[in-house]
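S.K.: This structure is in structure tokens; I'll ask about it shortly.
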Ligand code: HEM
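Residue numbers (full-length UniProt numbering): 1 to 458.
Shown next, in the form of structure tokens:
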């Protein structure tokens, strides 16, 4: 999907043609805010049911029919449930679980000889593998991850074919993508049966179980099994949806969160100091405190602004939605808010918070979201129509705090427990993907960046 932002630089809404579908793109922060805040008149659920659950996740017809008939009740219940599990004390235990798994995996593979540097030929590849595995194990438990050796490669093959599933390409054109999805669904069905068996016998650890996974996933299984249209297949597609939602953007964003830190010596020093200041003598990190440190928050917000090519989608459900005194949108229109373009729309940022454009939006600036009053603090206030990486309004990403904390845990392990450095900082400048161009898809580096890792000496 390509669109020419410069041509519409004043924020005028415009239509694009995406595989035969006419889609309205909005950019003006006032329009964006209004659309995101109007969750009844502009609803993402029709798109989620048909395109995401039906076409992408392969939900059976009867499951999609149930979603379409239930007036959004189930959508509300499931998002609220995710939110409960990914905030407050539940989030703290998810952070700790993710830390234990990620650290164990890295230590097993890379720290046999304590004092020696271990070479990592391609840091993106390393992060894709290890962050995906640790997220999957945190959510689903250890057993499925251990049994399913192709989990990471299948999941990423599937994720990278998102556009192809959306436009409805049939199996014979993208057979390997369908085969990867089949394998994913098949393993998730097996996982679901095991989880049910343990729960039925009441021999499951309800917080986190090596076979049944996190409390979040255990409860979701129960929740969905009581819903019409949710046999094994319908549930497996839902689980795949959460695994996709939890990894597809978190993994690349976490890579850039680390990479931007490693390639800037001052930032590296500043972040290392923050991490060191929040580790107790026992070796435990205070992730709750780290998560509210202004620089770590701002760095993460800037990383998502700069490095996530995703979108928020809404479908107009009211006969005519008044965008402003000049524009109305008709019922049935699909509206796209591209995070990347909103994130680079200088007129909008300049009028919302002039200081945020002290450095151009085309540059990566870790301090963009900091405000200096008596004390330095992170703030995204006033930017609701500009920084849309996590969407907004009632449907704002319920996993956003977990996504940020995954970044913080990864830095704590790779910079606190280990030492990690880029092999060649100078040439690390040449791996940046183009800022414009594709508005949707994984932002991978354009070439390999090597790194090295060793256990930190006490
Ligand atoms: C950097 C990482 C992430 C980014 C940039 C991101 C971004 C988004 C965006 C843009 C939306 C749509 C919001 C809207 O329509 O207003 C969304 C929805 C969602 N995200 Fe995330 N997300 C991330 C990580 C996660 C994680 C880690 C999880 C869970 C483990 C998650 C679960 C979800 C779910 C379930 C929804 C659907 C919410 C609904 O429809 O009400 N996301 N995310």
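For every residue, glycine included, the Cβ atom is placed at its ideal position computed from N, Cα and C. All values reported here derive from a predicted model rather than from experimental measurement.
State yes or no: is the C-beta of residue 66 nearer than 7 Å to some heavy atom of ligand 1?
M.R.: Numbered from 1 along the chain shown, position 66 holds the residue referred to as residue 66. No, the beta carbon of residue 66 sits no closer than 7 Å to any heavy atom of ligand 1.
S.K.: Apart from the five residues just before and just after residue 288, which ones in its own chain have a Cβ nearer than 7 Å to its Cβ?
M.R.: For the purposes of this step, residue 288 is taken as residue 288 along the chain shown, with counting starting at 1. The residues are 92.
S.K.: Can you tell me which of 260, 334, 316 puts its alpha carbon nearest to the alpha carbon of residue 366?
M.R.: By one-based count along the chain shown, residue 366 stands at place 366. Closest option to residue 366, Cα to Cα, is 260.
S.K.: Over the uninterrupted beta strand (DSSP E) stretch that includes residue 301, give me the two end residues.
M.R.: As a working note, residue 301 is residue 301 in the chain shown. Here residue 301 belongs to no beta strand (DSSP E); instead the alpha helix (DSSP H) covers 294 to 307.
S.K.: For the beta strand (DSSP E) that contains residue 413, what are its first and last residues?
M.R.: Taking the first residue of the chain shown as position 1, residue 413 is located at position 413. No beta strand (DSSP E) holds residue 413; DSSP gives it neither H nor E.
S.K.: Could you compute how far the alpha carbon of residue 394 sits from the alpha carbon of residue 312?
M.R.: On the chain shown, position 394 is the one that residue 394 refers to. On the chain shown, position 312 is the one that residue 312 refers to. Answer to the nearest angstrom: the Cα atoms are 12 Å apart.
S.K.: Where in the segment 89 to 159 do unbroken runs of the beta strand (DSSP E), each at least 3 residues long, occur, reported from the N-terminal end onward?
M.R.: Here the runs fully enclosed are 118 to 120.
S.K.: CB-CB under 7 Å to residue 60, same chain, minus the five flanking residues each way: which ones, in chain order?
M.R.: Residue mapping note: residue 60 aligns to position 60 of the chain shown, counting from 1. Here the set comprises 233, 234.
S.K.: Count the CB pairs spanning the segment 65 to 77 and the segment 247 to 255 that are closer than 8 Å, and state whether there are at least three.
M.R.: The segment 65 to 77 vs the segment 247 to 255: no contact.
S.K.: Between which two residues does the alpha helix (DSSP H) holding residue 239 run?
M.R.: Counted from its first residue, the chain shown places residue 239 at position 239. Where residue 239 is concerned, the enclosing alpha helix (DSSP H) stretches over 232 to 247.
S.K.: Give me the residue from 281, 65, 35 with the minimum Cα distance to residue 46.
M.R.: One-based indexing of the chain shown puts residue 46 at position 46. Out of 281, 65, 35, 65 has the C-alpha closest to the C-alpha of residue 46.
S.K.: Let's see if you can read the secondary structure: which residues bound the alpha helix (DSSP H) around residue 261?
M.R.: Residue mapping note: residue 261 aligns to position 261 of the chain shown, counting from 1. Residue 261 -> alpha helix (DSSP H) spans 250 to 262.
S.K.: Can you tell me whether residue 322 is buried or exposed? The criterion is at least 16 other CB atoms within 10 Å of its CB, across all chains shown.
M.R.: Here residue 322 corresponds to residue number 322 of the chain shown, with the count starting at 1. By the 10 Å Cβ count, residue 322 comes out exposed.
S.K.: Three or more C-beta pairs under 8 Å: does that hold for the segment 406 to 425 against the segment 274 to 293?
M.R.: The segment 406 to 425, when compared against the segment 274 to 293, does touch it at the 8 Å Cβ threshold.
S.K.: Just to confirm, does residue 174 get its C-beta within under 7 Å of one of the non-hydrogen atoms of ligand 1?
M.R.: Locating residue 174 in the chain shown gives position 174, counting from the first residue. Outside the cutoff, so no.
S.K.: Where does the unbroken alpha helix (DSSP H) through residue 180 begin, and where does it stop?
M.R.: If you number the chain shown from 1, residue 180 lands on position 180. Counting along the chain, the alpha helix (DSSP H) containing residue 180 begins and ends at 175 to 200.
S.K.: Pull up the distance between the alpha-carbon of residue 410 and that of residue 52, whole angstroms please.
M.R.: Walking along the chain shown from the start, residue 410 turns up at place 410. Walking along the chain shown from the start, residue 52 turns up at place 52. If I take the Cα positions, the gap works out to 29 Å.
S.K.: If you drop the 5 nearest sequence neighbours on each side, which residues of the same chain put their C-beta closer than 8 Å to that of residue 456?
M.R.: Here residue 456 refers to the residue found at position 456 when the chain shown is read from its first residue. Excluding residues within five positions, the ones whose Cβ falls inside 8 Å are 416, 417, 418, 419.
S.K.: Going along the chain, which residues of its own chain have a beta-carbon closer than 8 Å to the beta-carbon of residue 30, five neighbours each way excluded?
M.R.: As a working mapping, residue 30 is identified with position 30 in the chain shown. Counting only Cβ-Cβ distances below 8 Å, and skipping sequence neighbours, we find 324, 385.
S.K.: Per DSSP, residue 213 is paired with what?
M.R.: Within the chain shown, numbered from 1, the residue matching residue 213 stands at position 213. Answer is 209, bridged to residue 213.
S.K.: Would you call residue 77 buried or exposed, if buried means 16 or more other Cβ atoms sit within 10 Å of its Cβ?
M.R.: In the chain shown, residue 77 corresponds to position 77, counting from 1. Its Cβ having fewer than 16 others within 10 Å, residue 77 is exposed.
S.K.: Look up residue 451 in the DSSP assignment and say whether it is helix, strand or coil.
M.R.: Residue 451 sits at position 451 when you count from the first residue of the chain shown. Residue state, collapsed to three classes: strand.
S.K.: Could you please give the first and the last residue of the uninterrupted beta strand (DSSP E) stretch that includes residue 22?
M.R.: Taking the chain shown and counting its residues from 1, the one referred to as residue 22 is at position 22. First-last of the beta strand (DSSP E) with residue 22: 21 to 25.
S.K.: Using the three-state DSSP reduction, which class does residue 310 fall into: helix, strand or coil?
M.R.: Residue numbering aside, residue 310 sits at position 310 when the chain shown is read from its first letter. Correct three-state label for residue 310: coil.
S.K.: Helix, strand or coil: which one does DSSP assign to residue 204?
M.R.: Here residue 204 refers to the residue found at position 204 when the chain shown is read from its first residue. Coil.
S.K.: Would you identify the three-state DSSP class for residue 75, choosing helix, strand or coil?
M.R.: Position 75 of the chain shown, counted from the start, is the residue given in the question as residue 75. Residue state, collapsed to three classes: helix.
S.K.: Taking 6 Å as the limit between beta carbons, can you name the residues of its chain near residue 132, skipping five residues before and five after?
M.R.: Residue 132 sits at position 132 when you count from the first residue of the chain shown. Once the five neighbours on either side are set aside, the close Cβ partners of residue 132 are 152, 247, 251.
S.K.: In the DSSP assignment, the alpha helix (DSSP H) including residue 36 goes from what residue to what residue?
M.R.: Residue numbering aside, residue 36 sits at position 36 when the chain shown is read from its first letter. That run of the alpha helix (DSSP H) goes 29 to 37.
S.K.: Can you look up residue 6 in the DSSP assignment and give me helix, strand or coil?
M.R.: Translated into positions along the chain shown, residue 6 becomes position 6. Confidence is the limiting factor: at residue 6 the pLDDT is only 47, short of 50, which leaves the residue's position unreliable, though a coordinate-based value still follows. DSSP places residue 6 in helix when its eight states are reduced to three.
S.K.: In this structure, does DSSP put residue 316 in helix, strand or coil?
M.R.: Working through the chain shown from its first residue, we reach residue 316 at position 316. Residue 316: strand per DSSP, three-state reduction.
S.K.: Could you work out which residue in 39, 24, 127 is closest to residue 445 when comparing CA atoms only?
M.R.: The sequence position of residue 445 within the chain shown is 445, counting from 1. Looking at the Cα atoms, 127 is the closest of the given residues.
S.K.: Is it right to say residue 103 is buried, meaning 16 or more other beta carbons lie within 10 angstroms of its own, or is it exposed?
M.R.: The residue given as residue 103 occupies position 103 in the chain shown. Buried: at least 16 other Cβ atoms inside 10 Å.
S.K.: Under 8 Å, with one C-beta from each stretch per pair, do the segment 428 to 439 and the segment 327 to 347 reach the 3-pair mark?
M.R.: Contact holds: three or more Cβ-Cβ distances are below 8 Å.
S.K.: Any idea what DSSP makes of residue 441, helix, strand or coil?
M.R.: For the purposes of this step, residue 441 is taken as residue 441 along the chain shown, with counting starting at 1. Here residue 441 sits in strand by DSSP.
S.K.: If you scan the segment 343 to 384 from start to end, which runs of the alpha helix (DSSP H) of 4 or more residues do you find wholly inside it?
M.R.: Whole alpha helix (DSSP H) segments, 4+ residues: 346 to 352.
S.K.: Go through its chain and collect everything with a Cβ distance to residue 120's Cβ below 7 Å, but skip five positions before and after it.
M.R.: As a first step, residue 120 is located in the chain shown; it is residue number 120 there, counting from the start. Excluding positions up to five away in sequence, the list reads 126, 450, 451, 452, 453.
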